[in-house]
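Student:
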Amino acid sequence: MNYLLISFRATCSGGMNGYISLCAGDPCPPIFRSPVFGMEDIMDNQVICAIYILPDAHKHITRPPPGVVFPKKVLIILFSPCH
57 MNYLLISFRA TCSGGMNGYI SLCAGDPCPP IFRSPVFGME DIMDNQVICA
107 IYILPDAHKH ITRPPPGVVF PKKVLIILFS PCH
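Heads up: the sequence shown begins at 57 in this note's numbering, then just goes up one per residue.
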């Protein structure tokens with residue numbers, strides 16, 4: 057399959073990584089047929105169809121990024137089936 061994969065830079069995307077690629081077929085068809093019965097077709101489509109591809113396997117350290125300030129912990133019981 058010939059397609060272009062563009063990788064995310066985690067430093068520029070809020071920590072997200074992985075790849076983005078154009079969808080197979082026309083990535084921006086001028087007319088987009090509505091998949092919902094009774095809804096109008098989009099006759100002047102200006103949206104580009106792209107897919108997200110998971111990043112390559114890598115070690116992932118689950119911790120918040122530096123500088124994150126956590127809010128105070130608050131626990132409110134709104135409903136208790138025992139009472």
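Idealized CB from N, CA, C, for every residue including glycine. Since the structure is predicted, the reported quantities are computational estimates derived from the model, not experimental observations.
With a threshold of 8 Å, are at least 3 pairs of Cβ atoms found where one atom belongs to the region 102-110 and the other to the region 70-77?
Tutor: Yes, they touch.
Student: With a cut-off of 8 Å on the beta carbons, I'd call Ile104 and Pro83 a contact; round off their distance for me.
Tutor: Sure, about 5 Å apart at Cβ, within 8 Å.
Student: Helix, strand or coil: which one does DSSP assign to Ala66?
Tutor: DSSP places Ala66 in helix when its eight states are reduced to three.
Student: Alpha carbon to alpha carbon, what distance is there between Asp112 and Ile62?
Tutor: The alpha-carbon atoms of Ile62 and Asp112 are separated by roughly 13 Å.
Student: Mind checking who Leu78 pairs with in its DSSP beta bridge?
Tutor: Bridge partners of Leu78: Ala106.
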